[in-house]
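Here's the structure we're looking at; comments come further down.
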Amino acid sequence: MLIKLARASDCKMSEVTSESVYLSRRALLGGSLAGLAASVMPRLGLAADPSRYADVEPGNAPGWFAEKLGGTQWQAMTVQGEAITPFKDATHYNNFYEFGADKGDPAQNAGSLKTAPWTVVVDGEVGKPGRYALEDFVKPHHLQERIYRLRCVEAWSMVIPWLGFPLSDILKQVEPTSKARYVRFETLQDPKTMPGMRSGFALIQWPYVEGLRLDEAMNPLAILAVGMYGRELPNQNGAPLRLVVPWKYGFKSIKSIVRISLVEEQPQTTWQGLAPDEYGFYANVNPTVDHPRWTQARERRLPSGLFSPNVRETLMFNGYADEVASLYSGLDLRTNY
Ligand SMILES: Nc1nc2c(c(=O)[nH]1)N[C@H]1C(S)=C(S)[C@@H](COP(=O)(O)O)O[C@H]1N2
Ligand SMILES: [Mo]
């Protein structure tokens, strides 16, 4: 049997096709040959021991994290009958364009990210704006382990045990005003420590920005994560604070957050700004709405070998329809992709 979706290099969000981007890339590369070479380079996934929590590299957790860990509610949510992705794959096959456009770049380059001290600003349409040291930001909240599917728009997926707390906890605490309709998130912008911003995928307008409708952000599934696999977040996975929105394509789950703003208007998000025909604001996982360049009906569950691809059907809302479908009643998901 021939399985179409076998090659890791088939679906790449960085190969955007909007005309303006195409033109600027030509200018950037000074010709088409370099572009061709880059687009046909094969990319291989790594296979590793699939036993759960095996081979987790010890981190270097800050004191506040170690303290919080003791009170963790383990397996507050799990995925039945699906194996957790090995730590090695979850930490060596990443999208974090600030550190490069190849899947191995973040693991290689994100060591330069300085995660302490770390400040998170909460501003905009809130009664209680603030500027917090990360440990103070996290202090009032109990950690929960949430084992979630992560489905990248590029048609690969993983199952990752996150450690975090509901985004709604923070939002309630800062008291959104009646004008607040969306939440806007911003990643750190520091070209000194982020080599991908200096060279790499230079077409992105930094900082990386994502957003949610306020009611989406209040859904109990949306979390802010500070750890995974029982330890603090590795830098390449978005240390020290990232969003995880499991029913949406992975690009919504913005990494290394420094700012959370409650806003009136729908924020312009990074991928939507880059290629609006390919990446929408909603980005709900939806097997019935294809990406213009590939099907979204199936996904490669990592680890997935070149010769024995681990292909599975993509589920509506990534398997979380019971929890989130009601958010979208009356919304045309074909036009609001
Ligand atoms: N700041 C920032 N956040 C980001 C990205 C990025 O490039 N920069 N990539 C996104 C994409 S496309 C995916 S699939 C997930 C990947 O998360 P992981 O590497 O922890 O699996 O992070 C998302 N968050
Ligand atoms: Mo992604």
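Heads up, the sequence shown stops at 1771 in my numbering, and the numbers go up one at a time, no gaps. All C-beta atoms, glycine included, are put in the ideal place defined by N, C-alpha and C. All figures in this text were calculated on a predicted structure; none of them were measured in a lab.
- Mark N1669 as exposed unless 16 or more other C-beta atoms lie within 10 angstroms of its C-beta, in which case mark it buried. buried
- Considering only residues of the same chain and omitting the five flanking positions on each side of T1703, which have a CB-CB separation below 7 Å? V1643, E1644, G1645 and F1715
- Task: Using the beta-carbon of each residue, find all residues closer than 7 Å to any heavy atom of ligand 2 and list them in chain order.
- Result: This selection yields M1447, N1529, C1586, V1587, E1588, Y1683, G1684 and F1685.
- Please report the residue range of the beta strand (DSSP E) in which T1621 lies. Here the beta strand (DSSP E) through T1621 covers Y1616 to T1621.
- Item | Completely contained alpha helix (DSSP H) runs for the region 1531–1558, where each covers 4 or more residues | 1539–1543
- Query: Do you know offhand how far A1535's Cα is from L1503's?
  - Reply: One C-alpha to the other measures close to 33 Å.
- Query: Rounded to a whole number of angstroms, what is the C-alpha to C-alpha distance between S1591 and F1751?
  - Reply: Distance between S1591 and F1751, taken at the CA atoms: about 13 Å.
- Query: I think V1692 touches E1559, with their Cβ atoms under 8 Å apart; what is that distance to the nearest whole Å?
  - Reply: 19 Å between Cβ atoms; not a contact.
- Item | Which of helix, strand or coil DSSP assigns to P1563 | Note: P1563 maps to coil in three-state DSSP.
- Query: Do the region 1651–1661 and the region 1716–1734 touch if we need at least three Cβ pairs shorter than 8 Å?
  - Reply: no
- Message: Taking 7 Å as the cut-off, is the C-beta of T1621 nearer than that to any heavy atom in ligand 1?
- Response: yes
- Message: Within 10 Å of its beta-carbon, does W1508 have 16 or more other beta-carbons around it, so buried, or fewer, so exposed?
- Response: Its Cβ having fewer than 16 others within 10 Å, W1508 is exposed.
- Item | One or two residues paired with G1645 in a DSSP bridge | In DSSP, G1645 forms a bridge with R1618.
- Query: Expressed to the nearest angstrom, what Euclidean distance is found between the alpha-carbon atoms of R1632 and I1638?
  - Reply: 11 Å
- Item | Pair within 8 Å by beta-carbon distance, N1492 and R1665 | According to the sequence displayed, residue 1492 carries Pro and not Asn. Going by C-beta atoms, P1492 is nearer than 8 Å to R1665.
- Query: Is the region 1569–1580 close to the region 1705–1722, with three or more CB pairs under 8 Å?
  - Reply: no
- Task: Whole angstroms is fine: what's the gap from E1516's alpha carbon to N1543's?
- Result: 31 Å
- Message: Could you check whether T1519 and V1593 sit closer than 8 Å to each other, using their CB atoms as the reference points?
- Response: yes
- Query: Between G1545 and the rest of its own chain, which residues show a CB-CB distance below 8 Å, the 5 nearest in sequence each way excluded?
  - Reply: N1669
- Query: Does the beta carbon of N1671 fall short of 7 Å from some heavy atom of ligand 1?
  - Reply: yes
- With 8 Å as the threshold, decide whether the Cβ of T1553 is near any Cβ in chain B. Protein chains in the displayed structure number just one, and chain B is not present.
- Query: DSSP three-state call for A1472: helix, strand or coil?
  - Reply: Confidence at A1472 is low in this model, with a pLDDT of 41, below 50, so the placement of that residue should be treated as unreliable; the coordinate-derived value is given next. Three-state DSSP puts A1472 in a helix.
- Query: Is A1717 buried or exposed, if buried means 16 or more other CB atoms sit within 10 Å of its CB?
  - Reply: buried
- Task: Could you tell me the distance, in whole angstroms, from the CA atom of P1595 to the CA atom of L1675?
- Result: 15 Å
- Task: Evaluate the contact criterion for the region 1744–1760 versus the region 1606–1616: three or more CB pairs, one atom per stretch, below 8 Å.
- Result: no
- Message: So the candidates are M1662, M1652, E1733 and L1648; which of them puts its Cα closest to the Cα of Y1683?
- Response: E1733
- Item | Supposed contact pair L1761 and D1603 - C-beta distance, whole angstroms, cut 8 Å | With 8 Å as the limit, D1603 and L1761 do not qualify as a contact, their Cβ atoms being about 19 Å apart.
- Message: Contact defined as beta carbons within less than 8 Å: I believe V1719 pairs with L1767. What is the distance between those atoms, to the nearest angstrom?
- Response: Their Cβ separation, rounded to whole angstroms, is 11 Å, which puts V1719 and L1767 out of contact at 8 Å.
- Item | Contacting residues, own chain, Cβ-Cβ under 6 Å from L1708 (five flanking each side not counted) | V1450
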